[in-house]
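Asks:
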Amino acid sequence: MPVPESQPDPVREPALPATPWPARLAGARREREAAHRWRRRRVNHGAALDCSGNDYLGLALDSRVREAAADGARRFGAGAGASHLVSGHLAVHETLENALAEWLGRERALLFSTGYMANLGVLQALTDGETAVFQDRLNHASLIDGATLSGARSRRFHHRDSDDLERLLTRSRAAHRLIVSDGVFSMDGDVADVSALADAARRHRAWLMIDDAHGIGVLGEHGGGVLGEHGGGCTEDMGSAAVPVLVGTLGKALGTGGAFVAGDAALIEHIIQFARSYVYTTAQPPAVASASLKALDIVRREPEHRARLHANIRTFRREARRLGLPLADSATPIQPLMLNDEARTLRWAAALERRGIAVGAIRPPTVPQGQARLRITLSARHSPADIERLLDGLVACQHEVAP
Ligand SMILES: *Cc1c(COP(=O)(O)O)cnc(C)c1O
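Numbering (the working numbering), first residue to last: 1122 to 1524.
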């Protein structure tokens, strides 16, 4: 109803004494800085020896993949122009989804613009307040956030501990249960025991979701990831019956960007209908899909990149052990060097940077308290001389950087 013009403004309640916004931000900053957790972005000019990224096969810089991106833009445009359900689902998206599904031995695959959005969407589409989600303690933030946003109850089991998972499953009275785990753990480089998870899921009538962001393209005879380790590109025993929900990302070993969910047709159709981070967003640019299609082709046809990567991993580990460096136990391109103390981790990373070597200085809250580390990553792009230079830099840290 319109208010008569003569009426005075309603009486306002007196304002509460609130902290001014700038002071709030400054307070948060002071706290983070005092804990050595304030993060700084660096512009990557491509000059340093990069041992911090996730371009494990060197495909981000592969000229054929770059050319495919350019070709995708020329043929389909710079952007998709709309969401998939409106008019943004282009032929190149469809072709890429079909190629991913065939590669992984699943009925269908569905593209998302990022892995973060894929995990939010899948968890929101599959779970609700009646669902218990069982997560490995070290799962990626996007999995934790996805369950939180869907209103599901997350139970976190000890890292790679199937006895602890069993205990939680036995206690649960939830109507629906979903077990969720990274395939390769992003900050530790170790691998989930998928057989044990699948076995627990079968016995407790739960579904199993594996996020293999760091395994896809890297592990398995044909690069099919942790599930491919059990046999072919993706195998019968680790197919949709054992692992109904498989998420992978394209911005790591495939060198491009975006992500996918692979599974049975009914699952994919459900996600298309119900995942809000799928429905309400513009489809990824066709250049990206075109580049991913070429990268996938290279991953399937040229096992030599994977072979070179694994040779680099073996060399690095052998030499690092000989030098007494505190390496974690990992057979993947993610090689954490456990320094534990946050300030010390920053000193080592800075010393390496001065030598032109980029590594990740990973601190809480990304990893648990007291477990700060250098996250060193290896790539097929690294030459033997690069590996040697990295090891020399680490030796210098051992001798020259204050403990
Ligand atoms: C990197 C990562 C993601 C997020 O993927 P983006 O495409 O970078 O958003 C999800 N899950 C895991 C395990 C990851 O390592």
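Beta carbons: idealized from backbone N, C-alpha and C, even for Gly.
Mark S1504 as exposed unless 16 or more other C-beta atoms lie within 10 angstroms of its C-beta, in which case mark it buried.
Replies: exposed
Asks: What I want to know is whether the C-beta of V1488 ends up closer than 8 angstroms to one or more non-hydrogen atoms of ligand 1.
Replies: no
Asks: To which residues does DSSP link W1328 through a beta bridge?
Replies: The partner list for W1328 (beta bridge, DSSP) reads L1299.
Asks: Sort L1178, D1192, F1233 by Cα distance to S1204 and report the nearest one.
Replies: The option with the nearest alpha carbon to S1204 is F1233.
Asks: Around ligand 1, which residues pass a check of Cβ closer than 6 angstroms to any of its heavy atoms?
Replies: T1235, G1236, Y1237, N1240, H1261, S1263, D1303, S1307, D1332, A1334, H1335, T1370, G1372, A1380
Asks: If you run the structure through DSSP and keep just helix, strand and coil, what is D1450?
Replies: coil
Asks: Give, in chain order, every unbroken run of the alpha helix (DSSP H) that is at least 4 residues long and sits entirely within the region 1239 to 1284.
Replies: 1262 to 1271
Asks: Kindly provide the ranges of any alpha helix (DSSP H) runs that are 4 or more residues long and lie completely inside the region 1168 to 1250, ordered along the chain.
Replies: 1184 to 1197, 1212 to 1225, 1236 to 1247
Asks: Pairs of beta-carbons, one from the region 1469 to 1480 and one from the region 1142 to 1159, closer than 8 angstroms: are there three or more?
Replies: no
Asks: With a Cβ-Cβ cutoff of 9 angstroms, do V1339 and A1374 count as a contact?
Replies: yes
Asks: Can you give me the Cβ contacts of A1222 inside the same chain, cut-off strictly under 8 angstroms, excluding the 5 residues immediately before and after it?
Replies: E1228, R1229, A1230, A1383
Asks: Per the DSSP calculation, G1384 is bridged to which residue(s)?
Replies: R1229
Asks: Tell me I1455's beta-bridge partners as DSSP assigns them.
Replies: T1498
Asks: Looking at C-alpha atoms only, which residue of R1510, E1463, L1515, I1497 is the closest neighbour of Q1490?
Replies: Closest in alpha carbon position to Q1490, among R1510, E1463, L1515, I1497, is E1463.
Asks: For N1433, is the classification buried or exposed, using 16 other Cβ atoms within 10 angstroms of its Cβ as the cut-off for buried?
Replies: buried
Asks: Considering only the alpha carbon of each residue, which of G1372, H1431, T1466 lies closest to P1447?
Replies: T1466
Asks: Can you have a look at Y1399 and say buried or exposed, based on whether 16 or more other CB atoms are within 10 angstroms of its CB?
Replies: buried
Asks: CA-CA distance, T1071 and T1269?
Replies: Absent from the structure is residue 1071, since the part of the chain shown begins at 1122 and ends at 1524.
Asks: Looking at the secondary structure, which residues open and close the beta strand (DSSP E) in which V1368 lies?
Replies: For V1368, the uninterrupted beta strand (DSSP E) run begins and ends at 1366 to 1370, by DSSP.
Asks: If you compare alpha carbons, which of V1315, A1262, A1412 is closest to L1286?
Replies: Comparing Cα-Cα distances from L1286 to each of V1315, A1262, A1412, the minimum goes to V1315.
Asks: Alpha carbons only, please: which of I1331, S1275, W1159, A1169 is nearest the one belonging to L1473?
Replies: A1169
Asks: Using the beta-carbon count (16 or more within 10 Å), is R1324 buried or exposed?
Replies: Exposed, since its Cβ has fewer than 16 Cβ neighbours within 10 Å.
Asks: Let me check one thing: in DSSP terms, what residues is A1482 bridge-paired to?
Replies: DSSP lists L1495 as partners of A1482.
Asks: Compare the Cα-Cα distances from V1243 to each of H1166, T1436, L1371, F1381 and report the closest residue.
Replies: F1381
Asks: Quick check: A1313 and G1369, are their CB atoms within less than 9 angstroms of each other?
Replies: Pairing A1313 with G1369 gives a Cβ-Cβ distance that is not under 9 angstroms.
Asks: Would L1495 pass as a contact of L1460 if the rule is Cβ separation under 9 angstroms?
Replies: yes
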